[in-house]
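**Student:** In my numbering, the protein residues as written are 869 to 1297. Below you'll find the structure I mean.
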RNA sequence: GGUGAGGUGGCUGAGUGGCCGAAAGCGGCGGUUUGCUAAACCGUUGUAGGGGCUAAAACCUCUACCGAGGGUUCGAAUCCCUCCCUCACCGCCA
């Protein structure tokens, strides 16, 4: 949610900022402005009436004590109560609409974010590692995985449908190894606190992060008398860890890491990435999350992105880091780095992590504040999140980058201990 | 699933229709006293939104907030309804 005071005082700047995102917000902003105008006319009137009502209350109480007649005051008060009820009703309707409009507006991009409508305008900020030279045609992971007997799409489709996969044997083991490896790295070297959150969350939690009310069609909702949703990312439960709390600045930044499965309906992506593990309804992810004081969040974004990149470096996977342009960023983000890993079968870098600073956008929705240690005025905290990393896509990258001509796949050295000493996945005998 | 008890400020806890934004205590902050610390004493201590004043604050003033949402009433922390959550015991269960 945007800062309403800033929205009022810097309306044109806000409008220009939102325009760079491409999604037309002009109509919403104008609606907001006219609602605001009516509100500021209505509010003082209701409040004056309520003040009068409170004074009447005292008068009536006083009169009753002394035994005076209260009839005339009561008649007057009754009339006023009716008037308050009408105006209050209007105000409630108006504020509900205002709230919905506010919740539907995306975050304002940071001024340094490059402007552009599509991924073409993203800016590469650094690149690590040299894609390997293959003396044979590198296979896509879906061929490799199926041939090795470690990924099964057909059986998954039979029980669950398209965009699901079964991992078997070293495939399942590799996934588990990656999760353990990432968690150990982030809790150990990087100092994050490990969390295992609920995988089902309510509407309020999803509104806090910005997934609702606008993107309900992207989520899986539980049927029946529940009103719960499967989490699309651990960002949701992690952000809501401190919902409606005021944090002490001395404890910041708070850093959390969680492994969770993630569930996405992928509505509207029917043609894209239909083959393989790239785009699934269910996938595993290790997520990094930080809560900081307002002044610290951009330093923290660099650090968090570095923590995610570290995973790829230890796995010796070539990757590059992109600063997303205004049109390519997510709804809640003010600034985002995507980390892309090299996939030799496609000859492209593919997103494997997305690290964002949402500034106070989510904190405002979720009521997450912080206060200077010595006391002082509370402010909204800043929240950041990033994948560290998407497990399925990391698994893909390993299969493709570490494959050999005979169809076997070497295990990166850093993972061998997590694989119980297995150094290579070979074709089954 | 059943039965019972509850949700009040940073915390404990009083408050069953009106001078209650809310007693008291603890904690926090400021001060007095003191060689220092402690103790004692005095004062102060929520959030949000309007309006006024201002360069901006401070400040003044009003409104709202006692789990959430509705209702009754001139007036609700207090009465009624719905929902959420917590605790205890019983049953069932990974």
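The beta-carbon is built from N, C-alpha and C at its ideal position, and this holds for glycine as well.
(1) In its own chain, which residues sit with a C-beta less than 6 Å from the C-beta of residue 1225, not counting the 5 before and 5 after it?
(2) Taking only runs that begin and end inside the region 932 to 975, name each unbroken beta strand (DSSP E) of 3 or more residues, in chain order.
(3) Excluding the 5 residues flanking residue 1260 on each side, which residues of the same chain have their C-beta closer than 7 Å to its C-beta?
(4) Please work out which residues of its chain come closer than 8 Å, Cβ to Cβ, to residue 1241, disregarding the five sequence neighbours upstream and downstream, and give them in chain order.
(5) Spatial neighbours of residue 850 within its chain, please: C-beta separation below 6 Å, excluding the five flanking residues on both sides.
(6) Using the rule of at least 16 other Cβ atoms within 10 Å of the residue's Cβ for burial, across every protein chain shown, is residue 987 buried or exposed?
(7) The beta strand (DSSP E) that contains residue 996, what's its start and end?
(8) Can you name the start and end residues of the alpha helix (DSSP H) that residue 1284 belongs to?
(9) For residue 956, which residues of its own chain have a beta-carbon under 7 Å away from its beta-carbon, when the five flanking residues on both sides are left out?
(10) In three-state terms, what does DSSP make of residue 1155?
(11) For residue 1192, which option in 1143, 983 and 953 has the closest C-alpha, if you only look at C-alpha atoms?
(12) Can you give me the Cβ contacts of residue 952 inside the same chain, cut-off strictly under 7 Å, excluding the 5 residues immediately before and after it?
(13) Where does residue 1047 sit, in a helix, a strand or coil, going by DSSP?
(14) Quick check on residue 1221: buried or exposed, where buried means 16 or more other Cβ atoms within 10 Å of its Cβ?
(15) Just confirm the distance between the C-beta atoms of residue 1050 and residue 1179, as a whole number of angstroms; I'd bet it's less than 8 Å.
(16) If contacts are defined as beta-carbon pairs under 8 Å, then residue 1256 and residue 1130 qualify, I think. What distance do you get, rounded to the angstrom?
(17) Taking the CB atoms as reference points, tell me whether residue 1289 and residue 1276 lie closer together than 8 Å.
(18) How many whole angstroms separate the CB atoms of residue 1106 and residue 1157, which I take to be in contact at a CB cut-off of 8 Å?
(19) Closer than 8 Å by C-beta to residue 849: which residues in its own chain qualify, once you throw out the five before and the five after it? Chain order, please.
(20) Residues in its own chain within less than 8 Å of residue 1024 by CB, not counting five upstream and five downstream?
(21) Would the region 1131 to 1144 count as touching the region 1086 to 1094 if we require 3 or more Cβ pairs under 8 Å?
(22) Is residue 1190 helix, strand or coil by DSSP?
(23) Between residue 1194 and the rest of its own chain, which residues show a CB-CB distance below 6 Å, the 5 nearest in sequence each way excluded?
(24) Using DSSP's beta-bridge definition, name the partner residues of residue 1131.
(25) Per the contact definition of three or more C-beta pairs closer than 8 Å, is the region 1262 to 1281 in contact with the region 1006 to 1014?
(26) Where do the ends of the beta strand (DSSP E) carrying residue 1217 lie?
(27) What residue does the alpha helix (DSSP H) around residue 1312 start on, and which one ends it?
(28) What residue from 1184, 1199, 1022 and 1099 has the CA that sits closest to residue 1070's CA?
(29) Can you name the residues that DSSP bridges to residue 863?
(30) In this structure, how does DSSP classify residue 874 when only helix, strand and coil are distinguished?
**Tutor:** So, from the listed chains and residues:
(1) Cβ within range, chain order: 1165, 1169, 1202, 1203 and 1252.
(2) none
(3) 1145, 1148, 1151 and 1152
(4) 1116, 1117 and 1118
(5) Outside the displayed span of the chain (869 to 1297) sits residue 850, for which this structure offers no information.
(6) exposed
(7) 991 to 996
(8) Per DSSP, residue 1284 lies in no alpha helix (DSSP H) segment and is marked neither H nor E.
(9) 914, listed in sequence order.
(10) Residue 1155 falls in the strand class under three-state DSSP.
(11) 983
(12) 914, 917, 918 and 921
(13) helix
(14) buried
(15) 6 Å
(16) Not a contact, Cβ separation roughly 13 Å.
(17) Cβ distance not < 8 Å, so residue 1289 and residue 1276 don't count as in contact.
(18) 4 Å
(19) In the structure displayed, the chain extends from 869 to 1297; residue 849 sits before or after that span and is not available.
(20) Excluding positions up to five away in sequence, the list reads 1032, 1033 and 1034.
(21) Touching, yes, given that three or more Cβ pairs across the two stretches are closer than 8 Å.
(22) strand
(23) 888, 889, 977, 981 and 983
(24) 1150
(25) yes
(26) 1216 to 1225
(27) The structure shown has nothing for residue 1312, since the chain only spans 869 to 1297.
(28) 1099
(29) Given that the chain is displayed from residue 869 to residue 1297, the structure contains no residue 863 and the question cannot be resolved.
(30) helix
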